[in-house]
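> First the structure, then my questions, so here it is.
There are 2 protein chains.
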Amino acid sequence: MDKLKRNERIAGIMYILTTNPNKVFTYGYFSELFKVKKPSISGDISIMKELVVKLDIGHIETIPGANGGVRFSPNMRKKDVENLLLEICAELSKDERLIPGGFIYMMDILYTPRIIKNIGKIFANEFVKNDIDYVVTIETKGIPIALMTAEILNVPLIIIRKNMKITEGPAVNINYLSGSNKTIQTMSLSKRAIKEGSKVLIIDDFMRAGGTVKGMKEMMREFNAEVAGVGIFISTKNPEKKLVEDYVSLIRLEKIDEEKNEIILIPNFKQLKQFR
Amino acid sequence: MDKLKRNERIAGIMYILTTNPNKVFTYGYFSELFKVKKPSISGDISIMKELVVKLDIGHIETIPGANGGVRFSPNMRKKDVENLLLEICAELSKDERLIPGGFIYMMDILYTPRIIKNIGKIFANEFVKNDIDYVVTIETKGIPIALMTAEILNVPLIIIRKNMKITEGPAVNINYLSGSNKTIQTMSLSKRAIKEGSKVLIIDDFMRAGGTVKGMKEMMREFNAEVAGVGIFISTKNPEKKLVEDYVSLIRLEKIDEEKNEIILIPNFKQLKQFR
């Protein structure tokens, strides 16, 4: 690469750090890439640290030592989190979303990258201090949010299957009680999916009684993995007593009334660190 | 926000454009955000246009007119595409990945954000000129790659289900012949998922005979949507005659020999625009 001017180099470092969230880059990496000495890079990083604070997009952390370097953790402004969750609640409350049987049509929200990237940022910010090794979800609708969270935490995603698939080799199976139809179901995960002793973050799109998440926690026990957090996009108000405790849910579904064509959703701001 | 210095502003614009690929931002947006006049922004954009070329990370396009503005389309260097696909082939060819029945364990590759983000970039670059409105995939293993492609193209993802789900309302069902087990299966998509007249890009992780992709194409006909591209991560050499033509496959599976414990995979460089 041609040698860059300082403002170009700063923009270049900005690009590398922000498009690779939570990945550690050494000063040596930038020094080699941009063909300048480490003290210059160090100066650039100081400018950048202030800048991400001014822009209010997250923070840059310097990690000392031999394996040290610099890492960017994105974050959403409190005001933007508020607006996003309020907008999602308003959108999902529209009566045309009501599906007979007491369900809400929400695939357009769950599968739109622009929206779920921000949901992923909220979850990542909530659990980034927990040293997560994997994000774990169960197919299907929670996968996009879980993947965005995994991308921002810079860890692999694990997808638990609802059917035993021959194509993934020997697997661990867990029976669980699905909240939505009260039947015993089976979830399955390849034996080689998770290393022993890992710390995992469970992410799912929807929780009613919590049977599925409870099953996922049991599954993690089988892998000797520690559940270091549970993040749920939407949880229902009822039943109030869930089968799992200790979860962060972004939105609470207060009520679905099919007769009155009414859906009420409320953001759970108080569950988030930023708002406490 | 406090008024920024020019090098800070350039880094700020870099952040906004590169973390929102293929989204159009007006000069007015930046002018308001950074509290400077449009000609200054225009100057910044000129610097940035040159810079992304120097950094070789994609290109910035200026769109004239009332709805005009500026947009960043990321791209991978030819050399990086080569290295990535060669590394994936080498990794997936390891004999411990062989699963009885002639399958390859590849979830760790398919679900690692750092890797599939780049696969998404390759697909997005291949089809970005086709005015894609949605990326369409079928559950489960192709979802992460499809989502990354959708994110980079800045369009929603559509996930076709393999089971008719009551929770998504009225749906269109299609029967199709699955290549891996030669049985008739059903795929299902909510009637309100896709607007009529849309252009879609089909993305899937694996193709043998092409029965599943053929089914997805039939599904798109039911929605009066045009298939403007098909991208497959890995396709098999045999059968040579697939049920669909006109697809881009990144890697070809030449051979799986269970007795000899041998897997051979080869990148399909020549299918990519960059290499032609």
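So the sequence lines, in the order shown, correspond to chains W and A.
Counted the way the numbering used here counts, the first sequence spans residues 61 to 336.
Counted the way the numbering used here counts, the second sequence spans residues 61 to 336.
Quick reminder that beta carbons are idealized off the backbone N, C-alpha and C, glycines included.
1. Give me, in chain order, the residues of the same chain whose beta-carbon lies closer than 8 Å to that of I123(A); leave out the 5 immediate sequence neighbours on both sides.
2. Over what stretch of residues does the beta strand (DSSP E) that includes F329(W) continue unbroken?
3. Is E314(W) helix, strand or coil when you go by DSSP?
4. Taking the alpha-carbon of L145(A) as reference, which of I316(A), I73(A), K315(A) and S309(A) has the nearest alpha-carbon?
5. According to DSSP, is D264(A) part of a helix, a strand, or is it coil?
6. Taking only runs that begin and end inside the segment 163-219 of chain A, name each unbroken alpha helix (DSSP H) of 4 or more residues, in chain order.
7. Cα separation between Y87(W) and G125(A)?
8. Smallest Cα separation from E228(A): which of A253(A), I244(A) and L237(A)?
9. Less than 8 Å between the C-beta atoms of I326(W) and M276(W), yes or no?
10. Which residues does DSSP pair with N233(A) in a beta bridge?
11. Exposed or buried, D265(W), counting other C-beta atoms within 10 Å across all chains shown (16 or more means buried)?
12. May I ask you to list the residues that DSSP assigns as paired with V130(W)?
13. If S238(W) and T272(W) are in contact, beta carbons under 8 Å, what's the gap, nearest whole angstrom?
14. For chain W, find out if any of its Cβ atoms is closer than 8 Å to the Cβ of D62(A); answer yes or no.
15. Taking Cβ-Cβ distances below 7 Å as the criterion, which residues of the segment 309-334 of chain A are in contact with chain W?
16. Can you tell me which of the three DSSP states L115(W) falls into?
17. Going by Cα to Cα distance, which pick from E156(W), M279(W) and V113(W) is closest to N135(W)?
18. What does the alpha-carbon distance come out to for the pair V260(W) and I234(W)?
19. For chain W, is any of its Cβ atoms less than 8 Å away from the one on F85(A)?
20. Taking 7 Å as the limit between beta carbons, can you name the residues of its chain near F90(A), skipping five residues before and five after?
21. At the level of alpha carbons, what is the spacing between F94(W) and G118(A)?
22. Compare the C-beta of I120(W) against all C-beta atoms of chain D and say whether one is closer than 8 Å.
23. Taking C-beta to C-beta, are M247(A) and M267(A) nearer than 8 Å?
24. M167(A) versus chain W: which residues are under 7 Å apart at the beta carbon?
25. Could you pull the start and end residues of the alpha helix (DSSP H) that G271(A) belongs to?
26. If you count every other CB in all the chains shown that lies within 10 Å of the CB of E156(A), and 16 or more means buried, which is it?
27. Within the 8 Å Cβ cut-off, does A210(A) reach chain W?
28. Can you check which of these residues, Y171(W), P230(W), I311(W) and S258(W), is closest to N190(W) by C-alpha distance?
29. Indicate whether at least one CB of chain A lies closer than 8 Å to the CB of G72(W).
30. If I measure Cβ to Cβ from D193(W) and keep anything under 7 Å in the same chain, skipping five residues before and after, which residues do I get?
31. In angstroms, rounded to a whole number, what distance separates the CA positions of I176(W) and Y165(W)?
Working from what's here:
1. The residue labelled residue 123(A) in the question sits at position 63 within the second sequence. Excluding positions up to five away in sequence, the list reads V84, G129, V130 and R131.
2. Walking along the first sequence from the start, residue 329(W) turns up at place 269. Where F329(W) is concerned, there is no enclosing beta strand (DSSP E), given that its DSSP letter is neither H nor E.
3. One-based indexing of the first sequence puts residue 314(W) at position 254. Looking at E314(W) - three-state DSSP - the assignment turns out to be strand.
4. Numbered from its first residue, the second sequence carries residue 145(A) at position 85. L145(A) has its Cα closest to that of S309(A), out of I316(A), I73(A), K315(A) and S309(A).
5. Counting from 1 along the second sequence, the entry for residue 264(A) is found at position 204. Three-state result, D264(A): strand.
6. 167-170, 173-187 and 203-213
7. The residue given as residue 87(W) occupies position 27 in the first sequence. The residue given as residue 125(A) occupies position 65 in the second sequence. Here the alpha carbon of Y87(W) sits roughly 42 Å from the alpha carbon of G125(A).
8. Taking the first residue of the second sequence as 1, we reach residue 228(A) at position 168. Minimum Cα distance to E228(A) is reached at A253(A).
9. If you number the first sequence from 1, residue 326(W) lands on position 266. If you number the first sequence from 1, residue 276(W) lands on position 216. No, these two residues do not count as a Cβ contact at 8 Å.
10. Translated into the one-based positions of the second sequence, residue 233(A) becomes position 173. DSSP, once it has assigned bridges, lists S248(A) as partnering N233(A).
11. Taking the first sequence and counting its residues from 1, the one referred to as residue 265(W) is at position 205. D265(W) should be labelled buried.
12. For the purposes of this step, residue 130(W) is identified with residue 70 of the first sequence, where counting begins at 1. Looking at the DSSP assignment, V130(W) forms a beta bridge with F85(W) and T122(W).
13. Taking the first residue of the first sequence as 1, we reach residue 238(W) at position 178. Taking the first residue of the first sequence as 1, we reach residue 272(W) at position 212. Indeed they touch by this definition, with Cβ atoms about 6 Å apart.
14. Taking the second sequence and counting its residues from 1, the one referred to as residue 62(A) is at position 2. At least one chain W Cβ lies under 8 Å of D62(A).
15. none
16. Residue 115(W) sits at position 55 when you count from the first residue of the first sequence. Helix, per DSSP.
17. Sequence index remark: in the first sequence, residue 135(W) carries index 75 (1-based). Checking every option, the nearest Cα to that of N135(W) belongs to V113(W).
18. Your numbering for residue 260(W) matches position 200 in the first sequence. Your numbering for residue 234(W) matches position 174 in the first sequence. Rounded to whole angstroms, V260(W) to I234(W) spans 17 Å at the Cα level.
19. For the purposes of this step, residue 85(A) is taken as the residue at position 25 of the second sequence. Not an interface residue.
20. As a first step, residue 90(A) is located in the second sequence; it is residue number 30 there, counting from the start. I73 and I101.
21. For this step, residue 94(W) is matched to residue 34 along the first sequence. For this step, residue 118(A) is matched to residue 58 along the second sequence. Taken atom to atom, the span from the alpha-carbon of F94(W) to that of G118(A) is near 18 Å.
22. Of the chains in the structure shown, none is chain D; the protein chains are W and A.
23. Position 187 of the second sequence, counting from 1, holds the residue named residue 247(A). Position 207 of the second sequence, counting from 1, holds the residue named residue 267(A). The answer is no: Cβ separation not under 8 Å.
24. The residue you call residue 167(A) lines up with position 107 of the second sequence. Going along chain W in sequence order, the residues near M167(A) (Cβ under 7 Å) are E228, S250 and A253.
25. Here residue 271(A) refers to the residue found at position 211 of the second sequence. Here the alpha helix (DSSP H) through G271(A) covers G271 to E282.
26. By 1-based counting over the second sequence, the position of residue 156(A) is 96. The residue in question, E156(A), is exposed, as its Cβ has fewer than 16 Cβ neighbours within 10 Å.
27. Numbered from its first residue, the second sequence carries residue 210(A) at position 150. Judged by the 8 Å Cβ criterion, A210(A) is in contact with chain W.
28. The residue labelled residue 190(W) in the question sits at position 130 within the first sequence. For N190(W), the nearest C-alpha among the options comes from S258(W).
29. Against the first sequence, residue 72(W) aligns to sequence position 12. Yes, its Cβ sits closer than 8 Å to a Cβ of chain A.
30. As a first step, residue 193(W) must be located in the first sequence, where it is residue number 133. Excluding positions up to five away in sequence, the list reads V215, S258, K259 and V260.
31. Within the first sequence, numbered from 1, the residue matching residue 176(W) stands at position 116. Within the first sequence, numbered from 1, the residue matching residue 165(W) stands at position 105. Approximately 16 Å between the Cα atoms of the pair.
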